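Following this note's numbering, the residues of the sequence shown are numbered contiguously, the last one being 336.
Yeah, the Cβ is synthetic: ideal placement off N, Cα and C, and Gly gets one too.
Quick caveat, the model's predicted, so the values are computed rather than measured.
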Amino acid sequence: MSVVEETAQAQVQAPKTEVYAIDEAALCYHHHLIYEAKILKATSLDDENTSITGAIGPQYYVHYKGWKEKWNEWVPAERLLKKTPENLKQQASLKAAHPHLSGRGPGQVKSWGGSGISISVRKRGKKRRRDQDESNRKLDNIRVNVPSSLKHKLVQDRDAITINSQLVPLPRVPTAFDILNSFSDSILSTKPPQLIEPNLVLPTIISGLQCYFDRACGPNLIYANERAQYAEVRKQYWTGPKVIVGQEKEMSMIYGAEHLLRMLVVFPTMITSSELDDWSIQILRDYINELLLYMERERENIFLSEYQSGDSPNLCVSKPPARRRRNQNQNQG
4 MSVVEETAQA QVQAPKTEVY AIDEAALCYH HHLIYEAKIL KATSLDDENT SITGAIGPQY
64 YVHYKGWKEK WNEWVPAERL LKKTPENLKQ QASLKAAHPH LSGRGPGQVK SWGGSGISIS
124 VRKRGKKRRR DQDESNRKLD NIRVNVPSSL KHKLVQDRDA ITINSQLVPL PRVPTAFDIL
184 NSFSDSILST KPPQLIEPNL VLPTIISGLQ CYFDRACGPN LIYANERAQY AEVRKQYWTG
244 PKVIVGQEKE MSMIYGAEHL LRMLVVFPTM ITSSELDDWS IQILRDYINE LLLYMERERE
304 NIFLSEYQSG DSPNLCVSKP PARRRRNQNQ NQG
């Protein structure tokens, strides 16, 4: 049994009656890790529709130690742990099991690995604001070449969402995660001569693109008409009461080619505030352009052929299969 499975099992089996006091130091699950947190507020809700977290019962407003206040959030009691030696050991085990996530705060891509492509994405502030000339130079260096057929897909996608009030049915098959990994397999098997050190560089780039997608999806990759659907996706696969801790699904495992293409098109503007040097930017640009060519070749297999009406009561979001949920629950026992 993996560390994540053991953690999920402990969460399911542990009693959910722990009470936390205001200003109490606790531990809190966030994504696949456990962080130190402080309880700022507490409430209890018995109406699921009024719950910010999508869960019923005790809710706590927490501040993560070392994070900015903007990352404070309401969490259900199930995401909290008492700060005990046993739980601190569990925190360390998860950190060791996910070294690629360790040290990463929300909204950050701490590193794209040790392959020479090291990325640190930070919010712009007075102390870190770059000159406009520097941003423009980086933008020029990482301009991507979008094939005409994919430009047409972008227009179709925009019109379906914003004019026809349609939605992409979710989860998509294949997902953005699937596409990135299939692309990786293709490159590693063919090793195009124009790409530098695929064996060394590609895993880092794929991991970085997935991480960017997961964090940019809600803020940057959806139209206004898709916000309600996005909230429903988060509830069913990330924050809802039926989501098992440790088995949450990132957005790259829900959304597909349509939203991945949106990210790749705006990616140059996303990367201008990074600390990538010119050499790393050129490597990244070459791989993104190759990914776009791959998506063009596979467009009949990865893009949606028909959108669904946005008037659907379930917002075109399929629930996780009941059998799978039962099997998951059995596996936790």
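With residue i and residue j assumed to form a contact (beta carbons below 8 Å), what rounded beta-carbon distance in angstroms separates them?
| i | j | result |
| --- | --- | --- |
| G313 | L170 | 5 Å |
| L295 | V149 | 6 Å |
| L30 | L83 | 7 Å |
| A163 | Y310 | 4 Å |
Which same chain residues, not among the five before or five after residue i, have their C-beta less than 7 Å away from its C-beta?
| i | result |
| --- | --- |
| L264 | L153, K156, L157, M298 |
| T165 | Y226, N228 |
| K194 | P201 |
| A216 | Correcting the residue identity first, residue 216 is Phe in this sequence and not Ala. Within the same chain, F216 has close Cβ partners A179, M254, S255, L263, M266. |
| C220 | M254, Y258, H262 |
| V352 | Nothing in the structure corresponds to residue 352, since the chain is present only between 4 and 336. |
| I291 | V147, L267, F270 |
| Q94 | L30, I37 |
Under a Cβ-count criterion, where at least 16 other Cβ atoms within 10 Å of its own Cβ denotes burial, should residue i be classed as buried or exposed?
| i | result |
| --- | --- |
| E89 | exposed |
| K238 | buried |
| E261 | buried |
| R218 | buried |
| G249 | buried |
| D160 | buried |
| P222 | exposed |
| L191 | exposed |
| L203 | exposed |
With distances taken from CA atoms, which of the options is nearest residue i?
| i | options | result |
| --- | --- | --- |
| L36 | T46, K73, Y240, K92 | K92 |
| L205 | S189, R218, C220 | S189 |
| I25 | G249, R230, I291, L43 | L43 |
| V320 | F270, K245, V236, R82 | V236 |
| S47 | H33, Y63, Y38, A28 | Y63 |
| P2 | V248, N304, L212 | Beyond the ends of the chain as shown, which are 4 and 336, falls residue 2; an answer cannot be given. |
| P196 | Y38, A231, I286, N223 | I286 |
| W282 | L198, H33, V246 | L198 |
| K252 | C214, D280, R230 | C214 |
| K86 | W70, V22, D181, D280 | V22 |
| S151 | A231, P61, R300 | R300 |
| N304 | Y233, D181, L279, A45 | D181 |
| W70 | D280, H33, Q94, A99 | H33 |
Quick one: what's got a C-beta closer than 8 Å to residue i's C-beta in the same chain, skipping five residues either side?
| i | result |
| --- | --- |
| V176 | G259 |
| I209 | L183, N184, F186, S187 |
| S168 | N228, S312, G313, D314 |
| E72 | H66 |
| L307 | V171, P172, R175, G259, A260, E261 |
Within its chain, find whatever has a CB closer than 6 Å to the CB of residue i; leave out the 5 residues flanking it on each side and keep chain order.
| i | result |
| --- | --- |
| Y38 | C31, Y67 |
| L224 | H262, R265, M266 |
| A45 | Y63 |
| P61 | S47, A80 |
| E27 | I42 |
Checklist entry - Quick one: complete alpha helix (DSSP H) runs, 4+ long, within the segment 146 to 188? => result Correct list: 151 to 165.
Next on the checklist: What ranges does the alpha helix (DSSP H) occupy inside the segment 232 to 285, keeping only unbroken runs of at least 4 residues that lie completely in it?
Outcome noted: Listed in chain order, they are 260 to 274.
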